[in-house]
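With the numbering used here as the guide, the letters of the sequence shown map in order to residues 480 to 677.
C-beta atoms are modelled at their ideal positions from N, C-alpha and C, and glycine is treated no differently.
Taking it in order: structure first as structure tokens, then the write-up.
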Amino acid sequence: MRPSAHWVKIIRMAETDEALRAWRRQNRRLRILALAFIVLTPLMYGVLFVLSDGDSSPLFWVVLSLAVTVPALIPLGLVVWQRRRGSAWAQPSLLLGVDKDRRKAIVKAVKAGHPVEAQDHEVAVNTAQGLVRQRRLLWIVPFFLLLWTWNLLTGELEAWDVLIVIGIVGMCASMPFQIRDARRGVEWLKKYQNIPPQ
Numbered sequence: 480m481r482p483s484a485h486w487v488k489i490i491r492m493a494e495t496d497e498a499l500r501a502w503r504r505q506n507r508r509l510r511i512l513a514l515a516f517i518v519l520t521p522l523m524y525g526v527l528f529v530l531s532d533g534d535s536s537p538l539f540w541v542v543l544s545l546a547v548t549v550p551a552l553i554p555l556g557l558v559v560w561q562r563r564r565g566s567a568w569a570q571p572s573l574l575l576g577v578d579k580d581r582r583k584a585i586v587k588a589v590k591a592g593h594p595v596e597a598q599d600h601e602v603a604v605n606t607a608q609g610l611v612r613q614r615r616l617l618w619i620v621p622f623f624l625l626l627w628t629w630n631l632l633t634g635e636l637e638a639w640d641v642l643i644v645i646g647i648v649g650m651c652a653s654m655p656f657q658i659r660d661a662r663r664g665v666e667w668l669k670k671y672q673n674i675p676p677q
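Written out as structure tokens, the structure is:
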């Protein structure tokens with residue numbers, strides 16, 4: 480997959496190869512995720528079929544496997560399609576294009592409100608913008624909370640609802656940190672976004 484015209488502009492702005500590296504690394508991750516869905520989901524349903532002692536038709540398990548795999552791949556395809564079109568939300572973070580030590584230093588500087596080295600300025604701006612964008616994901620927590628509360632009130636609780644509760648508790652526990660990081664991102668951008676790197 481080649482970068483879109485929009486992403487090429489971002490790469491030129493960065494004037495480094497971090498953006499291309501980030502693009503390649505995200506490609507690799509998307510391929511692994513797609514492969515995991517394509518291979519592991521039918522395999523899981525195959526195991527369930529074997530464990531069911533032939534109580535149900537093999538066709539039932541094939542259809543069930545496809546019914547889970549195909550809808551799961553649709554959002555992945557949407558991300559790839561939007562990335563090729565140049566949608567900003569689907570582009571990889573420039574942090575993916577730097578090594579682990581630099582990544583840690585950049586994130587630490589942005590969260591602490593400190594300037595970064597000139598070579599890391601574009602990556603730091605991109606990182607701070609990513610922290611600010613995290614706020615948009617916070618609406619997911621009330622949605623899941625309402626969904627689970629509805630199940631609780633109607634008495635339609637299943638065994639897997641325990642996993643939902645664990646997920647909701649984890650999301651609620653992470654909310655203050657996401658809000659804090661978003662504020663730090665805003666503060667860093669106010670201070671350093673428009674200051675040309677020295």
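Measure the alpha-carbon distance for residue i versus residue j and round it to whole angstroms.
i    : j    : result
R659 : S653 : 10 Å
F622 : P537 : 36 Å
L642 : A551 : 19 Å
H485 : V529 : Confidence is the limiting factor: at H485 the pLDDT is only 48, short of 50, which leaves the residue's position unreliable and the question unanswerable from this model.
S566 : A498 : 15 Å
G556 : T633 : 36 Å
R563 : R500 : 16 Å
N506 : W568 : 15 Å
V620 : W502 : 29 Å
R614 : Q657 : 7 Å
A515 : I674 : 43 Å
L512 : G592 : 34 Å
L610 : D496 : 22 Å
V518 : G646 : 25 Å
Q672 : P655 : 24 Å
A597 : K579 : 18 Å
K612 : L527 : Residue identity check: residue 612 is Arg in the sequence provided, not Lys. Computed Cα separation, rounded: 40 Å.
Q682 : I553 : The structure shown does not extend to residue 682, since the chain is modelled only from 480 to 677, so the question has no answer here.
K583 : M523 : 37 Å
S535 : L543 : 12 Å
W532 : D599 : Here the sequence assigns Asp to residue 532, which means Trp is not the residue at that position. Cα-Cα distance, rounded: 59 Å.
R504 : F539 : 37 Å
A588 : V541 : 51 Å
K670 : R581 : 21 Å
Hey, could you find the ends of the alpha helix (DSSP H) residue i is sitting in?
i    : result
L574 : Element bounds for L574: n/a, residue is neither H nor E.
S544 : 537-564
R503 : 497-530
H600 : 600-612
Residue i and residue j look like a contact to me (Cβ under 8 Å); what is the Cβ gap, rounded to whole Å?
i    : j    : result
R662 : K590 : No, R662 and K590 are not in contact; Cβ-Cβ is about 10 Å, not under 8 Å.
E601 : L575 : Actually they do not touch by this definition, with Cβ atoms about 13 Å apart.
Q608 : L668 : 7 Å
V547 : L509 : 19 Å between Cβ atoms; not a contact.
Restricting to Cα atoms, I'd like to know which of the options is closest to residue i.
i    : options                : result
L625 : C651, V542, F539, R615 : C651
T628 : Q672, V644, Q598       : V644
G525 : L545, R508, R507, I511 : L545
A603 : I647, L543, V586, V518 : V586
V577 : A515, T606, W540       : T606
E666 : I647, K583, P594, V648 : P594
G649 : Q672, L617, V549       : L617
P521 : R612, K670, V549, Q598 : V549
Any heavy atom of the ligand GTP closer than 6 Å to the CB of residue i?
i    : result
R563 : With respect to the ligand GTP, the structure shown offers nothing to examine, as it has no ligands at all.
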